[in-house]
Every structure is written in structure tokens, then in C-alpha cells.
Amino acid sequence: MPKIKPLYMIILAALVAVYVFHAFSLVFTQDDAFISYRYVKNFLGGIGLVYNPGERVEGYTNFLFVILMALFGNYGVNYITLSKLLGIISGASIIILSFIWFRRLFPDRKYELPAFGAPVLLAVNSAFAYWSISGLETVMFAALIFWGIFFASEKKHIMVAMLALATLTRPEGGLVFVLIIIYYLMTKFMNRRAIAGLIAAYALLIIPQFVFRLSYYGDLLPNPFYAKTGWSVGYFMAGLNYVWLFLKQYGFVGILIIVPLVSITRIPVRLRLPIFIMTIYIFYIILVGGDVLHGHRFFIALIPLIYLLFFAGLSGWLRGINDNKFITISVSIILIAAFLTYGTPYKWIRSIRKTELGLVENMTYWTKVISDARGNTNYSIALSTIGAFGYYSNAVVIDLLGLTDRTIARNPQPVAGIETTWKEKNYNIPYLMKRNPDLILFSTGAKPSSPAEKALFLSSEFRKGYYPIYHTEKYMYTIFRRKPNYDGPDQYYPDPRFINLYATALNYNSHGKLDIAYEYAIQSRQCSPPDFYLVVALMGEIQLRKGDLQKGIDLLEQAFEMSDGYAIIAGDKLGRTYMQMGDSTRAAKYLDVSRQYNTLN
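Residue 568 in our numbering sits at position 577 of the sequence shown; the count goes up by one each step and never skips.
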């Protein structure tokens, strides 16, 4: 490879600086990262590499990342800060390698400027920056994959170590290693004896983790594999939509993928392996249905390859023109691509960051509220977003989606007919009810959004044995608490339409579309079980907001009676309404009961 000019080294350093600044401008912590943090916290606290004390379940899929945090944390290093630094360092290494790799393939002086194409796009790619600072293993995994494929294309045996480390970081690293071996065999890139040696070396490096997993957790695969995976037409369509969104926002409607594919005879032979891996990996993303998290996380491992291959293909097509035109066209394409890469998804990536910040803030808020109310007493809580809440609390946390619960992951009991945009559709409500959690927290307040949250309302034990309490006068925060000493039977309502309609009514009500909300609430009431008082309370609230005082009061009182006084939000609204009407006796009747039950103790 030709020597890199000092000026180009300065430019490359500047691009790394731009990338670092870009990442820190998006600084946040993904809620899922707190799952790994809780494992590390418990390990350092002497509880073991577990999520809940005494429950040996591997609820993480980033073994090496967790071990690194635990190792450095044992020496006093802040492992949350470390998780972000690992992402930044890994991202910087990708930018540097993308330049080195291109120059190794195109050593002629003519190709010096296109070599900066991939580094420039990586520096301004907000998804790349977003996941670098997220606290997750995403970019570290991408770096190990990128370096591993580079060494594999060069027939360097160090690729085995890189891909073994990638596999220990995320299971998909094993897929990439298998694809490399398949390519070697198909193309006779390496003789069979040498390939067998690579496989043996790779196995020796990853087998210890399987031994540990079997001996410590009793499983062959991480628990999220069972909780998240599924094969169906729905998953396939979700995967197609996932890939299409990426292509629209970062792939220039597929141009970045098409260019290297149609340039396969115009680029160095050593790039055919990366093209093969890129193509199959995209099909893998489609088959698994994409990702549950927004922000193109599954594509981060491919983005460096895509950029490298695009500019390689472009250089292959332009190599016949004179130097001045080549430079002009190359610079123009880099600048236009950089502008579109940064600008097209600018608002979108920042909106999902804002949503994630809100989720973490909400969950952190609840840990403080519950801790202040209950002190150091032990309690159990079930929820669908277990990250920040689990990390900042000492509660026994039951994941409604089964990521950290073996029974839910291995024995899901989903209900047909529940409408949702969530990908996580595995849950087991009968099992959850048998665990009798003290509290159940929804990620969106009183409104059920995940399939597991909606399915709870089919359980008579949940409808009768739990009631929503609120914190703050505006009812902004609600949580379901188990009634003291409740011990009723559990029967399941067969028709989930009512809860779909109820959730829709809540959504329209929150947006001020009261007439539409009331219509959906009426439809929900018509097909709901007789004891479902929450929809009656919602109807009363809507009537109050519309100005029909008497009708609103009648409905709220009906809900209050149906719940034996546990419809405390309805009771509080009744009390405040009667207080405004000057009827302090009736106001006290409802306010006293509501305040008595509205407690986390």
C-alpha cells in the first residue's frame, strides 16, 4: 500500500474528530443498554451474572461487551462511560480502516480522493454516530466484523480471532464467519485443509463461552433468542419494510447497493467476498423481521462495507476518464452523498433519540417515586421496558416480553386478534398472574401499547385484582398496583376487540379528538367484559372535557361503583368536580377513598 501523505493523515484525523463531535452531539443511553448494566452491577455486587437474584437467565446477547464492562468495573472504571468509549473508539477504527482498505485496493494516485468517500459518509452518518454513543455493543461489533472481513479478504488468519471476538460480542458474528467459509469453499479461495484449520481455531475460541453458558445458565443460546425470534410472513414483511426504510434514508433508494453489484467485474476480485457477505446479510435482516429498535441498528455492521463497495464500484466505472474529470466527479459525488446522508434522516434520527430519552427519563422517574414510597422494602414489578427501571431499582423485575424470563421466552401464549405495531409478540399472561407482581407498569402510562400489556386486560385477575394509581395531579404517570389480599379466580375473556378499541380511544383522547375518542370508547364498552370499568371512566372523563357535566358525573360514578371504589382516578375527578360545584360533602366522599387507595405502600 502506498504511503499516506501527511495532508491526508490530517484530513483523516479531522474526519474522525467530526465523527466524535457528531456522536457526542447525540449523546444518550439506549434503554436496552441498562439491561447489560444491571447484569454488570449485580456481578460486581457479588450477586452473580444475573438480572434478578437467584434467576440464572442469560438475558443479554453481548457476552464480550458485558465481560469487558465487568472486568474494568472491577478496577473502579465507570462501566457506563466505558461502554460509550468502546463505541467511539470502534467507530474511529472503522473510519480509519475504510480509508486504508480502499487505498490498498486502489493504490494509484488517481484514487486518493475517492478513498475519503467512505470516511466522509461515516463521519456524517447520524445512525452510525447514534449507536456509537448509545451504550450498546453495536459499533464495537461492527468494527470487529469490518476488520474480520478485511483480513479474510486478505487471507490473513487473524480474521479468525476478529470474528470469534465478533461472535462473542453478538451471535451474528457466527453468521459472518460461516459466510466466509462458504465463500472460501465455493471459490476455492483457500484449500480445504487450511479452511479446516480456520474452523478448528474459531471453534476453540468460542467453545469456552458455550461451556460457560451451559454450566451457568443451562442453555445453548441466549434467552432473547427464544423471546425475539420468529419465522412468518409477518416477520418477512416487517423485514422488507425495515430494509426499505434504510434504503430510503441512507441507501439513496438502493443506489449504494446496486452500484457495487453491477460493478462486480470492474472492481478488485478481493471485494467479491464483502459483496457476498453484504448481500446475504441483507437477506438475513429481512428474514428475522428487522429490529425492534429504531435507528437502523442491524445495518450498522453493513454500513462501512456498503460505503466502501459503493466508492470502489464508482471508481471502477470512472477509471477510464481523464484525471481532472475523475477528481471533479468524485468530489461532487462525495459532497452530494454527504449532504443527503446527513440531511435526509436528520429530523427522524433526532426524534427517536428524543423518544428514547423520554422513555429512560420516565422509567428513572418511577424508580425514584416507588423507592420514596416503599423505602428499602422488596417488591416485584412487571413491565415491557425493563432497562433503566431495572438498573436504577432493586426490585424483582419481570420482563413482560420474556427477554430475562425463561418461561415467557420458551413458553409464550400469545392471543390472536390483538392489534399492535410492536415486533415483540411473545408473552404469557397466565404465568405472569401466577407470579403475582406487586406492580405492573406500562411504558405509555395508562394506555396499553405492547401486545403483552393489552393481553393483560383479558385476565379477570388483572381487571379485578389490579387498579391504576396515579402520581401528579395531571395523572401524567399511572401504574397498576395489586389490590391488598386479592385472591380471586383467573378467567380469560375470549374477545380482545374491546382492548384494541379502548387503547384507540385513549390515544384519540390524549390528542384532544374527543368525539372520535368517545365513539371508540362506546364500541369498546359494547364488547367488553361487564367488570371493565376503565372504559366507563374514560367515557365520563370525555364527557366532562366536552362540557356535559351531568353525563360525565353519571359515568364516573358508575365506574367508581363498578370498581368498589378502586377507580381512584374517576373518584379524584368526581371529588374535584363536586368541589368546584360547591358540594364539599360529596367531594370528600370520593376524595377520601381515592387518596386512601392512591398509594404505593
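Cβ atoms here follow ideal geometry from the backbone N, Cα and C, with glycine treated the same way. All values reported here derive from a predicted model rather than from experimental measurement.
Measuring only the C-alpha atoms, how far is residue i from residue j?
i: A106; j: L231; result: 31 Å
i: L88; j: G280; result: 30 Å
i: G209; j: P485; result: 36 Å
i: P162; j: T469; result: 37 Å
i: I38; j: G50; result: 15 Å
i: K425; j: I372; result: 13 Å
i: I171; j: P336; result: 32 Å
i: R95; j: Y30; result: 42 Å
i: K101; j: D314; result: 7 Å
i: S515; j: E352; result: 32 Å
i: T463; j: E548; result: 22 Å
i: N402; j: F448; result: 20 Å
i: I271; j: G45; result: 40 Å
i: Y28; j: Y509; result: 43 Å
i: R184; j: T178; result: 15 Å
i: K146; j: A328; result: 32 Å
i: N116; j: Q571; result: 55 Å
i: C518; j: A407; result: 16 Å
i: Y383; j: P428; result: 18 Å
i: L176; j: M269; result: 18 Å
i: L112; j: I246; result: 14 Å
i: G334; j: V244; result: 15 Å
i: A4; j: K359; result: 43 Å
i: K316; j: Y275; result: 39 Å
Return the chain-ordered list of same chain residues with a C-beta closer than 8 Å to the C-beta of residue i, the five sequence neighbours on each side being excluded.
i: G242; result: I248 and I297
i: S254; result: A303, G304, L305, G307 and W308
i: I277; result: F227, G230, L231, Y233 and V234
i: S451; result: G479, P480, D481, Q482, Y483, Y484, P520 and D522
Where does the unbroken beta strand (DSSP E) through residue i begin, and where does it stop?
i: Y382; result: Careful: Y382 lies outside any beta strand (DSSP E), inside the alpha helix (DSSP H) at G378 to Y383.
i: I372; result: S371 to L374
i: P251; result: No beta strand (DSSP E) holds P251; the alpha helix (DSSP H) holding it covers I246 to V253.
i: I460; result: Y457 to H462
i: F471; result: Y468 to R473
i: I389; result: V387 to D390
Which same chain residues end up closer than 6 Å to residue i when comparing Cβ atoms and leaving out the 5 residues on each side of it in sequence?
i: E410; result: N491
i: L196; result: A155
i: R472; result: L430 and I460
i: K445; result: I409, P439 and I490
i: F203; result: none
i: G538; result: none
i: Y581; result: G562, L565 and G566
i: Y477; result: G456
i: S123; result: A14, G78, I79, G82 and V130
i: F267; result: Y174
If you follow the alpha helix (DSSP H) that residue i is in, where does it begin and where does it stop?
i: H13; result: P(-3) to S16
i: D583; result: S575 to Y588
i: V111; result: G108 to V115
i: I312; result: Neither: I312 is in no alpha helix (DSSP H) and is coded neither H nor E.
i: L432; result: First-last for L432: L430 to L432, but that is the beta strand (DSSP E), not the alpha helix (DSSP H).
i: S27; result: A24 to L35
i: E352; result: Y337 to R365
i: N500; result: R488 to S501
Please report the Cβ distance between residue i and residue j, rounded to the nearest whole angstrom; I am assuming they are in contact, meaning their Cβ atoms lie under 8 Å.
i: L159; j: D23; result: In fact, because the Cβ distance is near 18 Å, the residues do not count as touching under 8 Å.
i: A157; j: I136; result: 5 Å
i: K455; j: D522; result: 6 Å
i: N417; j: I389; result: Incorrect: roughly 14 Å between the Cβ atoms, too far for contact.
i: L300; j: P259; result: Not really, about 11 Å apart at Cβ, beyond 8 Å.
i: L392; j: A218; result: 6 Å
i: M60; j: L73; result: 6 Å
i: V283; j: K414; result: 5 Å
i: L591; j: R365; result: 6 Å
i: I533; j: N500; result: 6 Å
i: Y174; j: L264; result: 5 Å
Strictly under 7 Å for the Cβ-Cβ distance: is residue i near chain D by that measure?
i: D210; result: The structure shown contains no chain D, having only a single protein chain.
Going by beta-carbon coordinates alone, are residue i and residue j separated by less than 7 Å?
i: G139; j: M150; result: yes
i: A133; j: I340; result: no
i: T52; j: P295; result: no
i: L525; j: L432; result: no
i: T395; j: Y42; result: yes
i: T376; j: S434; result: yes
i: F141; j: W92; result: yes
i: F119; j: A379; result: no
i: A558; j: A528; result: yes
i: F237; j: H287; result: yes
Using a Cβ-Cβ cut-off of 7 Å (strictly less than) and excluding sequence neighbours within five positions of residue i, which residues of its own chain qualify?
i: R596; result: No information on residue 596 is available, as it lies outside the stretch -8 to 592 that the chain covers here.
i: G64; result: V31, L35 and Y70
i: A114; result: L6, V9, Y10, H13 and I86
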